[in-house]
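Trainee:
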Amino acid sequence: MQVIKRDLVIIGGGPAGLAAAISARKNGLKDILLIERDKILGGILNQCIHDGFGLHTFREALTGPEYAQRYIDEFHKLGIEVMLETIVLSLDNNRQISVSSKEGFVKIQAGAVILSMGCRERTAGAISLPGTRPSGVYTAGAAQNFINLQNKQIGNRVVILGSGDIGLIMARRMTLEGATVAAVFELLPTPSGLARNVQQCLNDYDIPLFLSTSVFELHGTDRLTGVTVASVDETFQMIESTKRFVPCDTLLLSVGLIPENELSLGAGVNLEATTSGATVDDTYMTSVPGIFSCGNVLHVHDLVDHVSEEAALVGQSAVRYVTQKTVRDSASIPIEAKQDVRYVLPQTVSGKTDFTVSLRVTRPMANGVVMIKDKGRKVAGKKIVRLHPAEMIRVKVKAKNIETAEKLEVSVQC
Amino acid sequence: MLKKELVCIVCPNGCQVEALIEETPALKVLEVSGCTCDKGIAWVEQEIVNPMRTIASSIVVEQGDFELVSVRTDTAIPLGKIFEVMDIIQHKRVKAPVTIGDRLIENPAGVPCHIIATRNVGVQP
Ligand code: SF4
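Line order of the protein sequences matches chains A and B. The opening position of the first sequence corresponds to residue 105 in the working numbering, with each subsequent residue numbered one higher. The opening position of the second sequence corresponds to residue -19 in the working numbering, with each subsequent residue numbered one higher.
Here it is, written out as structure tokens:
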């Protein structure tokens, strides 16, 4: 069979893939192919019709489709090759890709690969919700797709489990469309989404948010008729005396996102347990040479602006790999998450160039300093007024500060 | 005098702010604390007197390659006017093609804003 060759293949045409492709082209690479399974580019942004995207990148509040279109226009202006409605079946550690496209089965040999497949939502099965299996239970993103792209109404009286941003956005969206959102329940003692979304999506419409509360059973045979909810204690055990029935015909789940790394695993890419994404160095190369990762398939972001920024950097790294055949620096310095830090990314750095550490904290804190230390010596730090697990923190590190470093440790000091 | 706690919604930082308010003779913001930037201060002053929001929704497209065109208000509108504006958006129909930025409804419910398209919709092939 014929094998097509490309210098760079990008898997996934959402915000990460688009920004990576544009950056690679702007850094001088000609032979680039982007593969997208949908009919259109833009990924999840197409259904995120609310505004608030692009405040960092464009200094204005755009909706998802508008933000995507700016990148799609530039992508086409640069004349980058794209295969739409094409599914990648497999990727191996020599960067050979098998795809199923409109033209049939195709094999592609890539000089470098950028993984930008994004993430998917946790489902009712994934969080093992007991009870019957009536219709009316959706992930928040699926509901968003039905309402915003397919013009389908999904229910009248809605309960939302989980206070992730998509759930909060959908609470407002369904209210505006005429549904009643009875309540949002969150297992954790703090909201998972951004504070501004709690304000403008719930408080504006008097939608109650119950923290340390969860859904414990679904009711109904054909259609959902209600859910049993109850408060939980500090160890997340149900408090029996607080059990109550909440009538509803629709339950939306906004209980987290999981990076879609099936292809990465097939190529032998090492994944990290906390992020469920690849481990990468400061060029965003994974454990497999020539395979890079960025966007939500690497770690779930809260702002698309950060995805675009990260992907642009990865596009640049991939070009360097293809043109200079750069190999990984053997003297890599590991970075580790310590006190109150849930994860750090990248996991190793060369120490040769400046880089940015992305991290999330384990719990809400106030007036903290994110400290990056090498054997007790401070190499970088950032003062932050409010630290929250829902908000990704980024700290710049200068190469000249870590020339002699052996291991970097990231912690929060309050 | 009254103290009010708010979350600034202008940017994802979501600063927790406190406003000192005078209620008589007229609603007036005396002091704002907790904002990280000037945009936030201006927002708090507006929020206390008359909260404003941008809203997004969709309009049904006839003969389009998409069934819906996503839309938003081109400027923030009074919070209290949202449902009136939504009612007009829900009853509107437009014909393809539609281009990002097209004004699909002018001054809905008399509110000084326009409803603009946020997606390109081509004609059905
Ligand atoms: S005060 Fe400024 S920085 Fe803080 S949320 Fe508002 S706009 Fe953002």
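Glycine included, C-beta positions come from ideal geometry on N, C-alpha and C.
Would a check of beta-carbon distances place residue 36 of chain B closer than 8 Å to chain A?
Mentor: Yes, its Cβ sits closer than 8 Å to a Cβ of chain A.
Trainee: Mapping DSSP to helix, strand and coil, what is residue 188 of chain A?
Mentor: Reduced to three states, the DSSP call for residue 188 of chain A is coil.
Trainee: Report the three-state DSSP secondary structure of residue 170 of chain A (helix, strand or coil).
Mentor: Helix.
Trainee: Since residue 247 of chain A meets chain B, which of its residues come closer than 7 Å, beta carbon to beta carbon?
Mentor: Per Cβ cutoff of 7 Å: no residues; residue 247 of chain A is ~14 Å from chain B at best.
Trainee: How far does the alpha helix (DSSP H) with residue 129 of chain A in it extend, from its first residue to its last?
Mentor: Taken as a continuous stretch (DSSP letters only), the alpha helix (DSSP H) holding residue 129 of chain A covers 119 to 130.
Trainee: Between which two residues does the alpha helix (DSSP H) containing residue 245 of chain A stretch?
Mentor: Unbroken alpha helix (DSSP H) run through residue 245 of chain A: 244 to 252.
Trainee: Taking just the CA atoms, how far does residue 487 of chain A sit from residue 516 of chain A?
Mentor: Their Cα atoms are separated by approximately 10 Å.
Trainee: For residue 113 of chain A, which residues from the same chain have a beta carbon less than 7 Å from its beta carbon, with the 5 sequence-adjacent residues on both sides left out?
Mentor: So the list reads 137, 139, 201, 212, 214 and 217, once near-sequence residues are dropped.
Trainee: What is the DSSP secondary structure of residue 529 of chain A, counted as helix, strand or coil?
Mentor: Since the displayed chain A opens at 105 and closes at 518, residue 529 of chain A lies outside it and no answer follows.
Trainee: Please list the partners that residue 47 of chain B has in chain A, where partner means a Cβ-to-Cβ separation under 8 Å.
Mentor: Residues of chain A passing the Cβ test: 253, 254 and 255.
Trainee: Taking 8 Å as the threshold (C-beta atoms), are residue 19 of chain B and residue -2 of chain B in contact?
Mentor: Not closer than 8 Å, so no.
Trainee: Taking all protein chains shown into account, do 16 or more other C-beta atoms lie within 10 angstroms of the C-beta of residue 260 of chain A, making it buried, or fewer, making it exposed?
Mentor: That one is exposed.
Trainee: What are the start and end residues of each continuous beta strand (DSSP E) run of 3 or more residues lying completely inside the segment 319 to 400 of chain A, in chain order?
Mentor: Fully enclosed beta strand (DSSP E) runs of 3 or longer: 330 to 335, 348 to 351, 354 to 357, 361 to 363 and 395 to 397.
Trainee: Below 9 Å between beta carbons is the criterion; list the residues of the segment 396 to 417 of chain A that meet it against any residue of chain B, in chain order.
Mentor: Residues 406, 407 and 409.
Trainee: Within 10 angstroms of the Cβ of residue 352 of chain A, are there 16 or more other Cβ atoms? Answer buried if so, exposed if not.
Mentor: Counting Cβ neighbours within 10 Å, residue 352 of chain A comes out buried, since at least 16 surround it.
Trainee: Report all residues from its chain with a CB closer than 7 Å to the CB of residue 443 of chain A; omit the five preceding and five following residues, and keep chain order.
Mentor: The residues are 515 and 516.
Trainee: Using CA coordinates, which residue listed in B:-7, B:3, B:72 and B:104 is at the minimum distance from residue 84 of chain B?
Mentor: The shortest C-alpha separation from residue 84 of chain B is found at B:72.
Trainee: Please list the partners that residue 153 of chain A has in chain B, where partner means a Cβ-to-Cβ separation under 7 Å.
Mentor: Under the 7 Å cutoff, chain B gives 36, 38, 50 and 98.
Trainee: With DSSP run on the structure shown, which of helix, strand or coil describes residue 308 of chain A?
Mentor: Correct three-state label for residue 308 of chain A: helix.
Trainee: Is there a Cβ of chain B sitting closer than 8 Å to that of residue 169 of chain A, yes or no?
Mentor: At least one chain B Cβ lies under 8 Å of residue 169 of chain A.
Trainee: In the DSSP assignment, what are the bridge partners of residue 34 of chain B?
Mentor: Paired residues: none, contrary to the question.
Trainee: Taking only runs of the beta strand (DSSP E) that begin and end inside the segment 193 to 280 of chain A, which ones reach a length of at least 3 residues, in chain order?
Mentor: Within the segment 193 to 280 of chain A, the complete beta strand (DSSP E) runs of at least 3 residues are 200 to 205, 208 to 219, 223 to 225, 241 to 243 and 261 to 265.
Trainee: Sorted by chain position, which residues of the same chain lie with C-beta nearer than 6 Å to residue 15 of chain B's C-beta, five sequence neighbours on each side aside?
Mentor: Same-chain partners within the cutoff: -5, -3 and 21.
Trainee: Name the chain D residues that come within less than 8 Å of residue 303 of chain A, Cβ to Cβ?
Mentor: Protein chains A and B are contained in the structure displayed, whereas chain D is not.
Trainee: Given this structure, state the Cα-to-Cα distance separating residue 25 of chain B from residue 499 of chain A, to the nearest angstrom.
Mentor: Cα-Cα distance, rounded: 32 Å.
Trainee: With a threshold of 8 Å between beta-carbons, can residue 308 of chain A be considered close to chain B, or not?
Mentor: Yes - at least one Cβ of chain B is within 8 Å of the one on residue 308 of chain A.
Trainee: By the 10 Å Cβ neighbour count, where 16 or more other Cβ atoms means buried, how is residue -19 of chain B classified, buried or exposed?
Mentor: By the neighbour-count rule (16 or more Cβ atoms within 10 Å), residue -19 of chain B is not buried but exposed.
Trainee: Quick one: list the residues of chain A neighbouring residue 33 of chain B, beta-carbon separation under 9 Å, in chain order.
Mentor: Those are 304 and 308, listed as they occur along chain A.
Trainee: Do we get a CB-CB distance below 8 Å when we pair residue 165 of chain A with the residues of chain B?
Mentor: With 8 Å as the cut-off, residue 165 of chain A counts as an interface residue toward chain B.
Trainee: Please confirm whether residue 300 of chain A has its beta-carbon closer than 8 Å to some beta-carbon of chain B.
Mentor: By this cut-off, residue 300 of chain A is an interface position.
Trainee: CA-CA distance, residue 150 of chain A and residue 119 of chain A?
Mentor: About 10 Å.
Trainee: With residue 9 of chain B as the anchor, note down where its beta strand (DSSP E) starts and where it stops.
Mentor: Segment 8 to 13, the beta strand (DSSP E) holding residue 9 of chain B.
Trainee: Quick one, which of A:368, A:105, A:152 and A:182 has its alpha-carbon nearest residue 129 of chain A's?
Mentor: The option with the nearest alpha carbon to residue 129 of chain A is A:182.
Trainee: Evaluate the contact criterion for the segment 296 to 303 of chain A versus the segment 323 to 341 of chain A: three or more CB pairs, one atom per stretch, below 8 Å.
Mentor: No, the segment 296 to 303 of chain A does not touch the segment 323 to 341 of chain A.
Trainee: Once DSSP output is grouped into helix, strand and coil, what is the label at residue 478 of chain A?
Mentor: In this structure, residue 478 of chain A counts as strand in the three-state DSSP scheme.
Trainee: Going by C-alpha distance, which of A:133, A:287, A:164 and A:199 is nearest residue 428 of chain A?
Mentor: For residue 428 of chain A, the nearest C-alpha among the options comes from A:133.
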